[in-house]
Amino acid sequence: NAAAVAHGGQADVNGIEDLGFMYTRDVADPDGHLWGVFSMDASAMPSAENS
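The opening residue of the sequence shown carries number 2 in this note's numbering; numbering runs sequentially from there.
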């Protein structure tokens with residue numbers, strides 16, 4: 002996020018989403034295009050039986 006800001010972009014446009022098994026962040030480039038960064042740990046994902 003510091004790199005995005007240092008090059009004219011905007012960090013955390015839509016805020017950070019942390020669900021424990023899934024983590025996302027969004028940045029905007031200098032032209033205003035949104036880029037989403039996504040990470041997921043499938044082994045930590047809740048099972049359908051628990052929802």
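Using N, Cα and C, we set each Cβ at its ideal position, and we do this for glycine too.
Whole-angstrom distance between residue j and residue i, CA atom to CA atom
i	j	result
Q11	P47	32 Å
A45	G37	21 Å
V6	Y24	20 Å
A4	A29	11 Å
D19	S40	10 Å
G9	P31	5 Å
G16	D42	20 Å
D13	L35	10 Å
F22	G33	29 Å
N2	R26	9 Å
Subject >> Segments of 3+ residues assigned as beta strand (DSSP E) that fall wholly inside the segment 9-45 >> reply: 23-29, 35-41
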